[in-house]
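Chemist: Here it is: the structure, laid out below.
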Amino acid sequence: MSDITNPSPSMLLVGASRGIGLAMAAEFVDRGWSVIGTARGRRRTALHDLADTRPDRLAVECVDIAEAEQLRALRERLADRRFDVLFVNAGTVNPQPDRTMDQVGTDEFVRVMVTNALGPMRALEILGDLVAPDGLLGVMSSGQGSVSNNEQGGRELYRASKAALNMLMRCHAARHAGSARCLLLLAPGWIRTELGGPDAPSTVEQAIAPIVDRILEQRGRPGLHYVDRQGRTVAW
Ligand SMILES: NC(=O)c1ccc[n+]([C@@H]2O[C@H](COP(=O)([O-])OP(=O)(O)OC[C@H]3O[C@@H](n4cnc5c(N)ncnc54)[C@H](OP(=O)(O)O)[C@@H]3O)[C@@H](O)[C@H]2O)c1
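Note that the sequence shown covers residues 379 to 614 in our numbering.
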C-alpha cells in the first residue's frame, strides 16, 4: 500500500493536538508509521512537542475542520502526498451536554453539528483522494451515535451530531459502492479526556492500543464498518 519513496505506511490524522488524537499519533509513530497530524490555529500544542521528538516520522499541519477553505488549502499543500489512511478524529461536545433542545442555543447546536458531522465529512470528501485506492477513510464516531441502542437518552445534541455523522458516512459509502477502500466509523468507548470527562472508566493509555489495533485490522476490508474498540459491530 505504501509507495517506493515512502516505504513506511502513512497516515493523515485530523485533530491530533490532544486527547485520543494525540495518543493515536504517538501510537502510530511507535508502530513505524509516518504521520501527519493536524492542530488548529497557530498556537503550539503537545503534538508539536511530540513531533520535535520524532521529526523522522511525525509532521504537524494546521486545519480547522469547520472552515472549508482551510481544508481545501490543506489539500493543496499535500497535493503530491499519498496516504494509506485518512482518519478524522476531531470532535466536540457542548459544555452542558444534558441540555434538551429547548435549552440548547442555536449557535451551540450549529457549532456541535458543524464540528462533529459537517466538518469530518467535508474533510473526508476534500482530502479523500489523497488516500490510496485500497486505503482506509475513517472518522471518530461514538457508541452514542447509534440510534437503535439509544434507550437511555442524555447528551442529546452530541448523540444527534454523531448519528448525523454516521448517516453521512453511509451516504458516502452508497455513493462509492464497490470501492476497494475501507470506510470506518469507530466508536472508541468512554475515555478520560477533556471531552470524556473525569468519570470515564478508561484512560487514554488503556484505550489507545485497541483503538489503533482496530484501525489496522480494518485496513483492506472494503465497505463500511461501524465498530467499537473491541472490534464489535455497533448497531445503527
Ligand atoms: N473521550 C470519549 O469518551 C469519547 C467517546 C466517544 C467518542 N469520542 C470522540 O473521539 C474524538 C476525540 O475525542 P477526545 O475525547 O480526544 O476529545 P478532546 O480531548 O476534547 O480532543 C478533541 C480534539 O478535536 C480537535 N478539534 C475540535 N474541534 C476541531 C475543529 N473544528 N477543527 C479541528 N480540530 C478540532 C481538538 O483540537 P483543539 O485542541 O484545537 O481544540 C482536539 O484535538 C471526538 O470525535 C469524540 O467525539 C470520544
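We put the beta carbon where it would ideally sit given N, CA and C, even for glycine.
Here the structure is a predicted model, which is why all the values come from computation and not from measurement.
Beta-carbon separation of Ser388 and Phe461 under 8 Å?
Modeler: Yes, Cβ-Cβ distance for Ser388 and Phe461 is below 8 Å.
Chemist: Nearest-angstrom Cα distance between Ala444 and Glu529?
Modeler: Straight across, the Cα-Cα distance linking Ala444 with Glu529 is about 31 Å.
Chemist: Gly393: buried (16+ other C-beta within 10 angstroms of its C-beta) or exposed?
Modeler: Around the beta carbon of Gly393, a 10 Å sphere encloses 16 or more other beta carbons of the protein chains shown; the residue is thus reported as buried.
Chemist: With a threshold of 7 Å (Cβ to nearest heavy atom), would Asp430 be considered close to ligand 1?
Modeler: Incorrect: Asp430 has no Cβ contact closer than 7 Å to ligand 1.
Chemist: Return the residue from the list Gln608, Thr611, Leu561 that minimises the CA-CA distance to Gly601.
Modeler: Leu561
Chemist: Would the C-beta of Thr446 count as close to ligand 1, meaning under 7 Å from any of its heavy atoms?
Modeler: In the sequence on display, residue 446 carries Ala and not Thr. No; taking the cut-off as 7 Å, the Cβ of Ala446 has no heavy atom of ligand 1 nearer than that.
Chemist: Considering only the alpha carbon of each residue, which of Ala495, Gly497, Ala468 lies closest to Asn396?
Modeler: Checking the displayed sequence, the identity of residue 396 turns out to be Arg instead of Asn. For Arg396, the nearest C-alpha among the options comes from Ala468.
Chemist: Locate the alpha helix (DSSP H) running through Leu449, then write down its first and last residues.
Modeler: 446-455
Chemist: Counting pairs of Cβ atoms below 8 Å between the segment 401-421 and the segment 432-446, do you hit three or more?
Modeler: yes
Chemist: Whole angstroms is fine: what's the gap from Thr423's alpha carbon to Met518's?
Modeler: Taking the straight line joining both Cα atoms gives about 21 Å.
Chemist: Would you kindly report the start and end of the unbroken beta strand (DSSP E) that includes Val441?
Modeler: First-last for Val441: undefined, no H or E at that position.
Chemist: According to DSSP, is His554 part of a helix, a strand, or is it coil?
Modeler: coil
Chemist: Can you grab the Cα-Cα spacing for the pair Thr581 / Asp507, in whole Å?
Modeler: Roughly 34 Å between the two C-alpha positions.
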